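2 protein chains.
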Amino acid sequence: MQHSVSSQHALDQAIALSPAGDDTFIGHTSPAYANMVGLFGGIIAATLLNAVMKHPARLGEPVSQTVHYAAPVADGEFTVTARAMRTNRSTQHWLVELRQDEQVAAYATAVTGLRRDTWSATDASFPAVPPANSIEPTPPLSFAVWTKRYEMRFVEGGPHDQPGAEYPSRTTVWLRDQPPRALDFPSLASLCDAFFPRIFLRRQRRAPIGTVVLTTFFHVDAGQLRTLGSHHVLGVARGLHYGKGFFDQSAEIWSADSVMLASSHQMVYFKE
Amino acid sequence: MQHSVSSQHALDQAIALSPAGDDTFIGHTSPAYANMVGLFGGIIAATLLNAVMKHPARLGEPVSQTVHYAAPVADGEFTVTARAMRTNRSTQHWLVELRQDEQVAAYATAVTGLRRDTWSATDASFPAVPPANSIEPTPPLSFAVWTKRYEMRFVEGGPHDQPGAEYPSRTTVWLRDQPPRALDFPSLASLCDAFFPRIFLRRQRRAPIGTVVLTTFFHVDAGQLRTLGSHHVLGVARGLHYGKGFFDQSAEIWSADSVMLASSHQMVYFKE
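Protein chains in written order, with our numbering: chain A, 5 to 276; chain B, 5 to 276.
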């Protein structure tokens with residue numbers, strides 16, 4: 005089936021990669037996912053994961069991804085190389101590099117693996133929340149274009165809320181792509197970064213920040229993701245510690261029927 | 005000051021690296037940190053971080069590390085290469101590879117950075133626990149040699165305990181190197197992996213498992229670590245989700261006076 009560019013979802017346009025020889029792809033930044041400086045980190049994660057998804061030697065489905073945001077990605081073209089560092093019977097370990105002008109601007113490692121039915125349990129708790137459609141969406145933030153690409157319905161810890169008493173950096177939010185799009189691994193990878201920096205909520209002010217590294221663990225297979233379609237997912241984020249110029253924040257993404265889809269952890273630089 | 009090999013702590017022997025040209029070091033596996041199969045993952049993390057610590061071009065101190073356990077490390081010699089992928093004004097991004105017979109057995113990425121005094125806060129909670137010396141150490145486990153290298157005093161979730169009612173995969177344990185050794189970044193990196201797989205506690209039985217990837221965030225600088233000497237640290241570990249052949253577990257390492265030293269997250273393969 006042929007799609008014209010204009011019929012594609014903004015996310016698919018943003019993460020599109022053209023094959024350019026062994027292990028190599030060409031991509032282009034998308035203004036639709038612009039951040040205050042450079043690109044939204046989530047879309048960089050999705051683009052690097054997409055290189056693994058499109059690689060002809062891929063074994064299995066994403067199990068984990070770690071993204072290093074080494075420098076801002078400048079507007080324009082970039083090259084992505086994806087290389088299997090080691091292939092085992094049921095798992096494969098990857099290194100993916102995004103370059104502009106011969107310099108690495110971002111890179112990622114990933115594990116893919118064959119997912120099999122096994123014993124299953126969830127120890128983390130799905131929070132008690134009102135349904136997505138009972139909460140009004142929050143308008144996008146003018147200073148971050150990428151926030152237009154997500155529908156966000158905040159249960160607690162929204163950008164205009166005071167820190168909560170129980171856990172001062174916690175946000176609970178219904179999320180989906182805007183316009184709605186069926187969930188897959190690249191869009192799930194991007195969603196894991198669709199939380200405001202915890203320090204903005206915690207200190208009730210903006211300040212210079214930048215994620216330096218983000219690790220996401222995927223808990224479901226492609227078949228499970230397909231059943232979710234474009235329904236809202238629930239995101240929960242919290243900070244653990246802030247100090248000496250860096251803080252970490254952890255996020256969970258759940259389906260509306262309380263299946264943990266992904267858990268994600270990032271370290272963020274901050275000033276002052 | 006000269007040390008004979010025999011006067012060195014077992015951890016220093018295990019992570020020792022000899023320079024072997026640009027970006028390259030030679031190391032040797034240590035039977036003192038043997039695991040059921042191959043080497044204890046914590047000592048692999050410490051060895052890969054040590055290559056960054058010893059690299060003449062290093063900027064600042066460890067902020068994060070992600071280790072891929074791509075294949076078992078065989079007894080004997082290995083080569084480690086550490087390369088700065090990008091160097092900024094205050095941060096640096098690394099790739100470290102451990103090879104045996106030309107094949108990558110493990111690799112890591114890391115961020116180092118200049119740590120500065122900034123605003124500081126901790127949102128995670130230091131648990132209410134009895135002092136380390138009021139709890140008897142648990143004897144090492146016969147099937148995992150590396151457990152002899154740690155003094156472990158379990159508050160809850162020990163290897164012979166039932167799962168807790170409040171959070172069934174949680175362990176709270178006072179830890180230190182055995183024999184005691186002053187804490188530094190490599191030993192802290194190793195401690196982050198010194199927890200039994202959550203699934204053993206959760207299911208009350210052993211089964212084939214293997215960590216595929218581990219990410220650790222460091223929250224303190226070298227000066228803060230030095231003040232801790234060889235005192236016990238408190239470890240807290242819990243699982244989030246188990247299914248489709250993998251589970252994740254998260255750990256926190258705290259000083260006895262409730263400073264968060266590191267937070268760590270790993271994804272583990274399991275069978276059945």
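Even for Gly, the Cβ is constructed at its ideal location relative to N, Cα and C. Quantities reported herein were computed from a predicted structural model and do not represent experimental measurements.
Contacts with chain B at 8 Å (Cβ-Cβ) do not include A:A169. Secondary structure of A:P190 (DSSP, three-state): helix. In the DSSP assignment, B:P23 is bridged to B:F29.
DSSP places B:Q208 outside both helix and strand once states are collapsed to three, so it counts as coil. Residues V41 and G42 of the same chain have their beta carbon placed closer than 6 Å to that of B:P76, with the five preceding and five following residues left out of the count.
DSSP, read as helix, strand or coil, puts A:G247 in strand. If you draw a straight line from the Cα of B:V237 to the Cα of B:P141, it is about 14 Å long. DSSP, read as helix, strand or coil, puts A:D105 in coil. Taking C-beta atoms as the reference points, A:K248 and B:R119 count as a pair closer than 8 Å. Under a 10 Å Cβ-count criterion, A:P134 is classified as exposed, with fewer than 16 other Cβ atoms of the shown protein chains found around its own Cβ. Secondary structure of B:V56 (DSSP, three-state): helix.
About 21 Å separates the beta carbon of A:Q182 from that of A:L218, a gap too long to meet the 8 Å contact definition. Neighbours of A:R93 in chain B, taken as residues at a C-beta separation under 7 Å, are lacking, since the least C-beta distance is about 11 Å. Assignment of A:I257 by DSSP, reduced to helix, strand and coil, places it in the strand class. When the beta-carbon positions are compared, A:E155 and B:T122 stay at least 8 Å from each other. Look at A:A86 here: in three-state DSSP terms it is strand.
As a beta-bridge residue in DSSP terms, A:F274 pairs with A:I213. DSSP places B:L15 in the helix class (H, G or I) of the three-state scheme. Our two residues, A:G162 and A:L205, have alpha carbons roughly 8 Å apart in a direct line. Annotated as distal: B:A49 and B:W150, with beta-carbon spacing of 8 Å or more. According to the DSSP assignment, A:Q166 belongs to no beta strand (DSSP E), since it is labelled neither H nor E.
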